[in-house]
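Residue numbers (the numbering used here): 7 to 141.
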Amino acid sequence: MNFLEDYTNRVQEIDDYFEFVFIIDKSKAINLENPIFKNDTILNNTGFSHLKQITNYTINNELKKTLKANAYLLLYNLIEGSMTAGIDAIFLAINSSELKINFLKENIRELYLDYSMTRSDENTDLKARDRKSLG
7 MNFLEDYTNR
17 VQEIDDYFEF
27 VFIIDKSKAI
37 NLENPIFKND
47 TILNNTGFSH
57 LKQITNYTIN
67 NELKKTLKAN
77 AYLLLYNLIE
87 GSMTAGIDAI
97 FLAINSSELK
107 INFLKENIRE
117 LYLDYSMTRS
127 DENTDLKARD
137 RKSLG
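Structural data, given as structure tokens:
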């Protein structure tokens, strides 16, 4: 899966979650025709076996707050993942073009050198090679 497909899928997941949170936020309770876990055999061995009897679940404000807080985490993860993928793409473009890093702006060069150290498992002497190319 490429970056754009992954990003699009994650955005859709977040949209679905926001829709779910909106519905929950506007609800006081969830009414179920049948108990949700009626046929769930795993619950017998847990402390949640009482869930087999639930047909009406009251949604308290603390749960709503937690669900909303999770929405911020999803957004943060999307942004962080996108930024990491972007930095990876720049790093790989610089490496694949055999570009000498002394042609990069100083702030980009420093970021590149710092980032190359975090990827040292791929090429342990990358930073040393690039430092030599500055001379």
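All residues carry an ideal CB built from backbone N, CA and C; glycine is no exception.
Annotated as distal: Ile96 and Ile65, with beta-carbon spacing of 7 Å or more. In its chain, beyond the 5 residues on either side, Lys58 have a beta carbon closer than 7 Å to the beta carbon of Lys44. In this structure, the beta-carbon distance from Ala77 to Val27 falls below 7 Å. Counting only runs that start and end inside the stretch 104–129, the alpha helix (DSSP H) elements of at least 4 residues fall at 112–124.
Under a 10 Å Cβ-count criterion, Tyr118 is classified as buried, with 16 or more other Cβ atoms of the shown protein chains found around its own Cβ.
Per DSSP, the unbroken beta strand (DSSP E) holding Asn62 starts and ends at Asn62 to Thr64.
Between Tyr63 and Ile36, the C-beta spacing is below 7 Å.
A straight-line Cα-Cα distance of about 38 Å links Ser103 and Asp21. Taking the CA atoms as reference points, Ser55 sits about 38 Å from Glu86. Here the alpha carbons of Thr124 and Glu11 stand approximately 26 Å from one another. Residue environment analysis places Ile100 among the buried positions, since at least 16 neighbouring C-beta atoms fall within 10 angstroms of its C-beta. If you ignore the 5 residues before and after Phe9, its C-beta comes within less than 6 Å of the C-beta of Ala91, all in its own chain and listed in chain order.
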